[in-house]
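Just remember that this note's numbering sits 21 ahead of the position in the sequence shown, which is counted from 1. Everything below concerns the one structure shown next.
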Amino acid sequence: MTFAILFPGQGIQHVGMGADLFDRHPDLLGPQADDILGWSLRDLCLNGPESELLRTDHVQPAIYALSYALWHELAPLVGEAPFAAAGHSLGEYTALTAAGVIDFQAGLELVAARGRAMAEAAGREPSGMAAVLGIDDDAAEKAAMERRAAGGRLWVANFNGPGQVVLAGGAHDLDWLAERAADFGARKVIPLKVAGAFHTPFMETAVGPLADALDRVEFGEAAFPVWANLTARPVEDPRTTLLQQVVGPVRFTQTLSGMGDAGVRMFLHIGPGNVTATMAKRTVPHSEVHSFSHVADVDEAVQRIGSLIQ
Numbered sequence: 022m023t024f025a026i027l028f029p030g031q032g033i034q035h036v037g038m039g040a041d042l043f044d045r046h047p048d049l050l051g052p053q054a055d056d057i058l059g060w061s062l063r064d065l066c067l068n069g070p071e072s073e074l075l076r077t078d079h080v081q082p083a084i085y086a087l088s089y090a091l092w093h094e095l096a097p098l099v100g101e102a103p104f105a106a107a108g109h110s111l112g113e114y115t116a117l118t119a120a121g122v123i124d125f126q127a128g129l130e131l132v133a134a135r136g137r138a139m140a141e142a143a144g145r146e147p148s149g150m151a152a153v154l155g156i157d158d159d160a161a162e163k164a165a166m167e168r169r170a171a172g173g174r175l176w177v178a179n180f181n182g183p184g185q186v187v188l189a190g191g192a193h194d195l196d197w198l199a200e201r202a203a204d205f206g207a208r209k210v211i212p213l214k215v216a217g218a219f220h221t222p223f224m225e226t227a228v229g230p231l232a233d234a235l236d237r238v239e240f241g242e243a244a245f246p247v248w249a250n251l252t253a254r255p256v257e258d259p260r261t262t263l264l265q266q267v268v269g270p271v272r273f274t275q276t277l278s279g280m281g282d283a284g285v286r287m288f289l290h291i292g293p294g295n296v297t298a299t300m301a302k303r304t305v306p307h308s309e310v311h312s313f314s315h316v317a318d319v320d321e322a323v324q325r326i327g328s329l330i331q
């Protein structure tokens, strides 16, 4: 049996996250990180306010840094490299850092640039995202195509698991989706608290600044495969993959299914919350799934992995 590690994206943030990490990892989460970001990572994560933590340009580097710090805590205690890694949206950057493709500090600077670029793109016009429950992937694509054929702007942004897809578009397009979703088999539409229509052409203006930031990064060889959001296959060209990811869909359902087909039998969510664990349980139902969200979870995580690879 083999195991894969999964890293979350934004949407799981909460004031107080990382309280058990800051004193343990000042090299990752201390003054050097603050110098890169231009604000106090510790103060924002522990004290908020929530309105500031929710900002795209704040939450992305915060989730990246805390998730990587948890992996940094766990990795030396695990006797074997994971079979593969993946991350949901922003989490793909954490996965590439865990695999050694991106240096942590360079990655923090890169993620901060990504957050700023996406926030600026989102501020250009009203747009957003909505989770659509009870709908299959083909029906979600059909709904988006029907809306675009009528002159609207609506795309599937995230494939999160069987029966859960996220669509994104303009404010009027999301109103249309809420009214018409049942016609496509949807059970419920839930607006998401995000700044804009991420992973769609609404983010086109973020591509240039992100490309400039990526040009400053020196990419290394991966210690283990990292599966790309865009292709649901191992990353071959990280720069191109990360650049296209910002305007393309997150194919996490296909990624998890592909890993399961490749032999992965245990998925370990690493980072705040447990969202990728929930996705793995739903998508690969016969797999073993665990979450490593706090330092206190490390012993159990090591034992679980140890029992798997013995």
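For every residue, glycine included, the Cβ atom is placed at its ideal position computed from N, Cα and C. Remember, predicted model here, so these are calculated numbers, not experimental data.
| Under 8 Å, do Val99 and Ala243 count as touching if we go by C-beta distance? | no
| task | Within 10 angstroms of the Cβ of Glu71, are there 16 or more other Cβ atoms? Answer buried if so, exposed if not. | result | exposed
| Just the Cα atoms here: how many angstroms apart are Met224 and Tyr114? | 18 Å
| said: Using the Cβ count rule (16 or more neighbours within 10 Å means buried), how would you classify Glu239? | reply: exposed
| field | CB of Gly279 within 8 Å of CB of Ala253, strictly | value | Cβ atoms of Gly279 and Ala253: closer than 8 Å.
| query | What is the residue span of the alpha helix (DSSP H) that Gln265 lies within? | reply | 259–266
| Is the number of C-beta pairs between the region 119–134 and the region 160–178 that are closer than 8 Å three or more? | no
| field | Closest by C-alpha distance to Ala151, when choosing among Val256, Trp197, Ala116 | value | Closest by alpha carbon: Trp197.
| message | At 3 residues or longer, what runs of the beta strand (DSSP E) sit wholly inside the region 155–235? | response | 175–182, 185–191, 209–212
| request: Within the region 242–327, note down every full alpha helix (DSSP H) run reaching 4 residues or more, in order along the chain. | output: 259–266, 273–282, 296–304
| field | Beta-carbon spacing of Ala105, Trp248 below 8 Å | value | With contacts defined by Cβ atoms closer than 8 Å, Ala105 and Trp248 form a contacting pair.
| So the alpha helix (DSSP H) Phe125 belongs to, where does it begin and stop? | 125–143
| field | Nearest candidate by alpha-carbon position, reference Val132, set Gly184, Leu263, Arg174 | value | Considering only alpha carbons, the answer is Leu263.
| query | Which first and last residues belong to the alpha helix (DSSP H) in which Ala105 is found? | reply | Ala105 -> not in any alpha helix (DSSP H); beta strand (DSSP E) instead, spanning 105–108.
| query | Do Leu27 and Ala301 have their C-beta atoms within less than 8 Å of each other? | reply | yes
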